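Have a look at the structure below, then the notes.
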Amino acid sequence: MNDADIAQRLERTNELLQRMLVEVAKTPSTHAIFVDAGYVYASAGLLVAGTEDRRAFDLDAEGLIEAFIDTARTIFADSRLLRVYWYDGARRRIHTPEQQSIAELPDVKVRLGNLNANNQQKGVDSLIRSDLESLARHRAISDAALVGGDEDLVSAVEAAQGYGARVHLWGIEAAEGGNQAEPLLWEVDSQRVFDLDFWRPYITRRPVTTYENEGEPPPSRDEARFMGAQIAATWLAERGTDVMAELLPGHPYLPGPVDQDLLMEAERRLSRSLRGHAVLRRALRDGFWQQLQSRF
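Positions in the sequence shown are counted from 1; adding 60 to them yields our numbering.
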């Protein structure tokens, strides 16, 4: 091959590269928003409503998602939205009515991990990593806005960055201390924190339930114990023995969220508050444990 042939091939290669660069320049950038709903409910609930218990307040998820989309549109001005990914937990990965309504929103994909007996999410971080890595690997996104704070998300960030995507961490103003892991803060490409004023329109504290028979005599200890056993039997049927068996190593103590569930369910069935009756609440737990242990 002579010098003329080499020069001709180089020129042809340069032309192909130029065409490719032109096509790349024409291709719009794409971004996606990844929301860890557990982080949102816990941190924003504590900031606005003073509690991490999502049953104590209502979240306007549709309005919040629209606000996230508007924010991303401002930050990524020359980019188009792929979609919003909403990650949450649900028992047996079955959508709750609230999660179903979120899934029906345009440009939103709900992804569900499991929810154990302690109301803790399982598998959500791995879902986020899988989606982030897959979208980055296939060049489906150039930027990812990640709303979360768990240190386990570091691997998801690293995976996406390894394929050239930039990851931007969005957080929630901490009611006290911090609510995002430092290793996560170190790893991302940029950070943004949404303050109390941003969150106030989307969180509304639910009114405290009052009952018509508050003035009547409270139930007896035996009635409270029986109620605890009934609830345990119902949960065994609904949640499954494997899930409920996870509680046994903690006997005689129930995890906070489960204890709260038990109390609220008992109050609903009895149509009265047990908040001022420590003896009855102990009897309630005793009945719950007695029924649970009898099944294992």
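No residue lacks a Cβ here, since even glycine has one placed at the ideal position from N, Cα and C.
It should be emphasised that the depicted structure is a prediction, and the values quoted were computed from it without experimental measurement.
Does DSSP put residue i in a helix, in a strand, or in coil?
i    : result
T156 : coil
T301 : helix
Y313 : coil
V318 : helix
R143 : strand
Q240 : coil
A85  : The predicted model places A85 with a pLDDT of 48, which falls under 50 and marks its position as unreliable; any figure quoted below should be read in that light. In this structure, A85 counts as helix in the three-state DSSP scheme.
A92  : strand
L323 : helix
L172 : strand
R265 : strand
A46  : No information on residue 46 is available, as it lies outside the stretch 61 to 356 that the chain covers here.
D257 : helix
D148 : strand
F356 : coil
D113 : coil
So the candidates are the options; which of them puts its Cα closest to the Cα of residue i?
i    : options                   : result
G105 : R266, Q351, W295 and L330 : R266
S280 : T111, G173, G347 and D130 : G347
P312 : A293, A289 and R342       : R342
Q290 : S250, V227, F258 and S354 : S354
W259 : G209, E233 and E276       : E233
V168 : Q221, V95 and E193        : V95
L256 : L165, R226 and A235       : A235
E247 : G224, L314, L213 and G110 : L213
Q240 : G224, A292 and L206       : L206
E112 : Q320, G336 and Q351       : Q320
S250 : V217, M324 and V227       : V227
Q350 : V100, R114 and L314       : L314
R286 : L352, G222 and V318       : It should be noted that the sequence gives Phe, not Arg, for residue 286. Nearest of L352, G222 and V318 to F286, Cα basis: L352.
N174 : A163, H155, L165 and E164 : H155
A284 : E211, R114, R328 and G222 : R328
R197 : M324, V184 and A225       : A225
A127 : A305, T294 and P261       : P261
E276 : S331, R299, P317 and G288 : S331
A163 : T134, E122, L141 and M304 : E122
If you measure between the beta carbons of residue i and residue j, is that distance less than 9 Å?
i    : j    : result
T264 : D120 : yes
A219 : R143 : no
S161 : R189 : no
S103 : G231 : yes
R252 : L229 : yes
P278 : L334 : yes
G98  : Y145 : no
D185 : D210 : yes
L165 : I125 : yes
May I ask which residues mark the beginning and end of the beta strand (DSSP E) holding residue i?
i    : result
G231 : R226 to I232
V339 : First-last for V339: A338 to Q353, but that is the alpha helix (DSSP H), not the beta strand (DSSP E).
Between which two residues does the alpha helix (DSSP H) harbouring residue i extend?
i    : result
T134 : A121 to I135
V108 : A97 to V108
F254 : No alpha helix (DSSP H) holds F254; the beta strand (DSSP E) holding it covers S250 to F254.
Every unbroken alpha helix (DSSP H) within the region 183-225, with a cutoff of 4 residues, ordered by chain: 184-197 and 214-222
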